[in-house]
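The structure appears below as C-alpha cells.
In the numbering used here, the protein residues as written are 293 to 372.
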C-alpha cells in the first residue's frame, strides 16, 4: 500500500531506514509521525516498490528455488 511506517523496538528494521522511520524513544517516534504526514508521493512509490520485492509470492518463490537446489545437491551426493 505504500503507507508510511514508524517503528520502535525492532532493531532488525533499521536496515530499511530509507523506507521507514525508526524511533528509539518517544520524541523520535513523534518526529517520525510528523515526517510521515509531511512526505510526498515519491517516498510512497519507493515503499510500494520495496513491498513488491518482499511480497509473500516472492518469498515463496525464493523458498521453492532454495528447496529445489537443496534437493538437487543432495541427489548429486546420493543423500536423497
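Yeah, the Cβ is synthetic: ideal placement off N, Cα and C, and Gly gets one too.
For clarity, every value in this text was computed on a predicted model and none was experimentally measured.
7 Å CB neighbourhood of residue i in its chain, flanking five on each side removed
| i | result |
| --- | --- |
| residue 340 | 294 |
| residue 327 | 313 |
Straight-line gap, residue i to residue j (C-alpha atoms, nearest Å)
| i | j | result |
| --- | --- | --- |
| residue 310 | residue 338 | 9 Å |
| residue 356 | residue 342 | 21 Å |
| residue 360 | residue 351 | 14 Å |
| residue 317 | residue 346 | 28 Å |
| residue 336 | residue 308 | 14 Å |
Per DSSP, the bridge partner or partners of residue i
| i | result |
| --- | --- |
| residue 298 | 313 |
Spatial neighbours of residue i in its chain, beta-carbon cut-off 6 Å, leaving aside the 5 residues before and after
| i | result |
| --- | --- |
| residue 306 | 314 |
| residue 300 | 315 and 321 |
Beta-carbon gap between residue i and residue j smaller than 8 Å
| i | j | result |
| --- | --- | --- |
| residue 423 | residue 349 | Not covered by the structure: residue 423. The range shown for the chain is 293 to 372. |
Are there three or more Cβ pairs, one per stretch, closer than 8 Å when the stretch 362 to 369 is compared with the stretch 321 to 329?
Fewer than three pairs of CB atoms, one per stretch, sit closer than 8 Å, so the stretch 362 to 369 makes no contact with the stretch 321 to 329.
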